[in-house]
Structures are given as C-alpha cells and as structure tokens.
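Its first residue numbered 74, the sequence shown is counted upward by one per residue in our numbering. Single-structure report; data block below.
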Amino acid sequence: MASELSLAGKVAVVTGASRGIGRATAIALARSGADVVVAARTAQEGQARLPGTIEETAQEVQALGRKALAVPTDLTRDEQVEELVQRTLATFGRVDVLVNNAAVNYMATFADTPMRRWDLVLNVNLRGTVLCTKLFLPHMLSRGQGTIVNLSSYLAVASVPRTLAYGVSKMAIEKFTQGLAQELLGTGVSVNCLRIEANVATEGWTFLNPGTDFSTWEKPEAAAECIVWLAVQPPSLTGLVLTMADVRRLRAQMAES
Numbered sequence: 074m075a076s077e078l079s080l081a082g083k084v085a086v087v088t089g090a091s092r093g094i095g096r097a098t099a100i101a102l103a104r105s106g107a108d109v110v111v112a113a114r115t116a117q118e119g120q121a122r123l124p125g126t127i128e129e130t131a132q133e134v135q136a137l138g139r140k141a142l143a144v145p146t147d148l149t150r151d152e153q154v155e156e157l158v159q160r161t162l163a164t165f166g167r168v169d170v171l172v173n174n175a176a177v178n179y180m181a182t183f184a185d186t187p188m189r190r191w192d193l194v195l196n197v198n199l200r201g202t203v204l205c206t207k208l209f210l211p212h213m214l215s216r217g218q219g220t221i222v223n224l225s226s227y228l229a230v231a232s233v234p235r236t237l238a239y240g241v242s243k244m245a246i247e248k249f250t251q252g253l254a255q256e257l258l259g260t261g262v263s264v265n266c267l268r269i270e271a272n273v274a275t276e277g278w279t280f281l282n283p284g285t286d287f288s289t290w291e292k293p294e295a296a297a298e299c300i301v302w303l304a305v306q307p308p309s310l311t312g313l314v315l316t317m318a319d320v321r322r323l324r325a326q327m328a329e330s
C-alpha cells in the first residue's frame, strides 16, 4: 500500500475481524505497518455457520510481518470488552486506531421482530460501538492522539424493507460520530464514520446467497482501503460521515494538491 497510508509503529483494534470488512481491514492495517488486535466472537472453526475466525485473521496479519493479538470478544458482554482493552494495553501498551466494525442484522418487518432480536441488533451495533469507544478513549486522550473509525451503511438513510433495526442502529452511530467528534476537538483524537453505500460481497452474503452473481458488488478490500485512509488522516479531519465514493474523491483531491 502506498506510503501515504503508513501506520508504522501504530496499534490498531478492529472489532468484527473474523471475516468480511473487519478481516479485510485488519489485513490492510497490517499492510500499512500497524500491529493489529483482532476481536470478534468466533475464535475457532465451528463456532459459527460462517467461515472465518480471529485466529485465522491474526495469522494473516503475522504473515505480513506485523504483530497480532486475537481476543475473543462478545460486544454484548461488558466484561469481555473490558478484557479486550486490558489485553491490548498489556500486550502493546497503547492504542492508536479503533475500528468499530462489528455488526449483526435481523431481517424482518418491525411487526415480526421480537424485542430480543431488536435489542440484540442495537446492543451489538450501537452499544458495542459506544462501549468500545468509551473504554479505549481514555487511553487515547492520555497520549493526546488517536483515531476512531465507525462503520455505517446506506441503510441509515434508505428505507429498505425488513432492515429497520439495523438502519436505526447505523443512523445512531452516525450521530454518535458527529457528536463525539465535536466534544473531542483539540484533543488530538479524531472520530469519523464510513458509510458503506454499496453492497459488499462479504463471506456472509456469499454464504447465505449461493448462486448469486456478486461480480458487480464491492469487495471487502475496497471498504478496508477507505478505512485505512481515514485512520491515517490528521486529527483536524474529524466528525465526518463519508461514503466510499467520498473517500476516493477526497483522496484524489489531496493527491492533486
């Protein structure tokens, strides 16, 4: 990856990193020079229907010559998030980049969505993002530097049937990004959000939709490159909710200036 995206000497934490955009982001961060903490629920094969584990992602990070720490983390369990923070600091002594990527969905109409499913989507997607940020932020503030990248979706602003809980969680994440960034102005810590505006051919989509033509869909690596770009920007770039197209346009403009 280009030197403009160097994260040499940095430590990054990525949630939901066993597969999909999270896995691609962990690998892209490693290619940019960062050591990576890989967090997700799936630690071993067989724990989930979908392929991918944090151990496999960690091995890919290490294959690139970077250090990796795999931490099994269920974002609905506060004690596991606390352990994620503790193990990150015990191993690396710092955190420079936090990517709040982990998310779940429950596809049903509102009338057919049990409250326990609604709560799960909000707890993982929104509360998980808030909790990780809450616990890692003091360690960024104490050093006067850090970057937080949250993940949103076009479903935050588009009305698509059977995705209401997911869309609500993502819209809240966008507001959280903007509000927190305002509070942190001048601290050296930036907060931005990447809104994935296109369909991405993750392992989940391809596994659950066999026979579908994904040739026109974005690859997880495309989103990962946008996340890395946000991670290397100066703290003055903060409080933004950007699509992948926005990031590509900004990157091109900066390259020309």
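Glycine is no exception: its CB is placed at the ideal position from the N, C-alpha and C atoms. Given the structure is predicted, the values throughout are model-derived calculations rather than measurements.
Coil, strand or helix - residue i by DSSP
| i | result |
| --- | --- |
| S225 | strand |
| N196 | helix |
| P145 | strand |
| D151 | helix |
| V87 | strand |
| V352 | Nothing about residue 352 can be reported from this structure: the residues present for the chain run from 74 to 330 only. |
| A335 | Here the chain comprises residues numbered 74 to 330, so residue 335 is not present and cannot be evaluated. |
| V168 | coil |
| T115 | coil |
| T161 | helix |
| D185 | coil |
| A75 | With a pLDDT of only 44 at A75, under 50, the local geometry of the prediction cannot be trusted, and no value is derived from it. |
| L80 | coil |
| T316 | strand |
| R324 | helix |
Beta-carbon spacing of residue i, residue j below 8 Å
| i | j | result |
| --- | --- | --- |
| V111 | V168 | no |
| V241 | F209 | no |
| I269 | T202 | no |
| E276 | L123 | yes |
| H212 | L162 | yes |
| T378 | A116 | The requested residue 378 is not part of the displayed model; the chain covers only 74 to 330. |
| T98 | V172 | yes |
| A238 | T182 | no |
| R96 | G138 | no |
Contact belief for residue i with residue j at Cβ below 8 Å, rounded distance in angstroms
| i | j | result |
| --- | --- | --- |
| A297 | M317 | In fact, because the Cβ distance is near 10 Å, the residues do not count as touching under 8 Å. |
| R92 | M180 | About 18 Å separates the two Cβ atoms, so there is no contact after all. |
| N178 | L224 | Rounded, the Cβ-Cβ distance is 13 Å, inconsistent with contact. |
| S105 | L148 | About 25 Å; that fails the 8 Å criterion. |
| I127 | A90 | 6 Å |
| V273 | P293 | 6 Å |
| A231 | N198 | That belief does not hold up - the Cβ atoms of A231 and N198 are roughly 16 Å apart, past 8 Å. |
| Q153 | T146 | 5 Å |
| T311 | A254 | 4 Å |
| K243 | S226 | 5 Å |
| D151 | L204 | 7 Å |
| F165 | V84 | 4 Å |
Segment contact flag, the segment 186-193 with the segment 133-142, C-beta cutoff 8 Å, min 3 pairs: no
Does the segment 211-225 come into contact with the segment 253-263, if we say contact requires no fewer than three beta-carbon pairs (one atom in each stretch) closer than 8 Å? yes
Whole alpha helix (DSSP H) elements within the segment 199-286, 4-residue minimum: 201-214, 237-256 and 276-281
Are the segment 301-311 and the segment 263-283 touching by the rule of at least three beta carbon pairs closer than 8 Å? yes
Mind the definition here: the segment 93-111 touches the segment 125-132 only if three or more C-beta pairs lie below 8 Å; say whether that holds. yes
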